[in-house]
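Protein chains in written order, with this note's numbering: chain A, 2 to 128; chain B, 67 to 189.
Dropping the structure here:
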């Protein structure tokens, strides 16, 4: 008899069972920042097409991107971009088989959180 | 007539049928983006809020144009593959296929729109 117990097997514990950890939280944030960059990309590409169209349309698009709300969205985009870049760097380090112990992974997690904020400050000041 | 053995045909491919191709493209594009991201932020970023003629002049500079073009191509390729994984984790059945199709079109559509605009400005 093939598989008489389908659908009635014990499940392995999922997200709601585990205590939140730095590792899981930084990983989830990495996914969120990567996919949320859809909004950033759409805005930047809209700005580019406006620049290619004419000066009046560009003024309008540029005004929206550099308005108060636009500044907030762009700053969050930079933060997300740096966070995702550092998260990707951590994955590249992990892929070489290094830093997989909890202590080192946690250190890199804090490095991502603090480093992304520091790099965002640096970027906003520099540009 | 195929001369490869059955084993040779499937070895390393796993259930996805494409083996580690997706993973490897993500790795290659992520390394490229680690270099491109700071270049893009510091060369393209200052243009936001500048007057139209200065933006046109700045983007006509080959270095900025190349960095922007590469960011669009590599970034949106990486984005497309990343969104695919997100969809595969949370969406199932036919909706999954449709979602992946739609996001593939959106990714390449954005890439094309950005590149065409850049070409109109830079050339």
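No residue lacks a Cβ here, since even glycine has one placed at the ideal position from N, Cα and C.
Residue 121 (chain A) sits close to residue 76 (chain A), with the two beta carbons spaced by under 8 Å. When Cβ-Cβ separations below 8 Å define contact, residue 26 (chain A) makes no contact with chain B. At least one CB of chain B lies nearer than 8 Å to the CB of residue 38 (chain A). Residue contact with chain B for residue 62 (chain A): absent (no Cβ-Cβ distance below 8 Å to any residue of chain B). Interface flag for residue 75 (chain A) against chain B is set, since a Cβ pair is found closer than 8 Å. Between residue 112 (chain B) and chain A, the shortest Cβ-Cβ separation is below 8 Å. Residues of chain B with a Cβ closer than 7 Å to the Cβ of residue 32 (chain A) are, in chain order, 152. Residue 83 (chain A) and residue 117 (chain A) do touch by the CB rule: their CB atoms are close to 4 Å apart, below 8 Å. Rounded to whole angstroms, the gap between the alpha carbons of residue 117 (chain B) and residue 92 (chain A) is 40 Å. The region 139-185 of chain B is shown to contain no whole alpha helix (DSSP H) run of 4 or more residues.
Straight-line spacing of the CA atoms in residue 80 (chain B) and residue 25 (chain A) works out to 26 Å.
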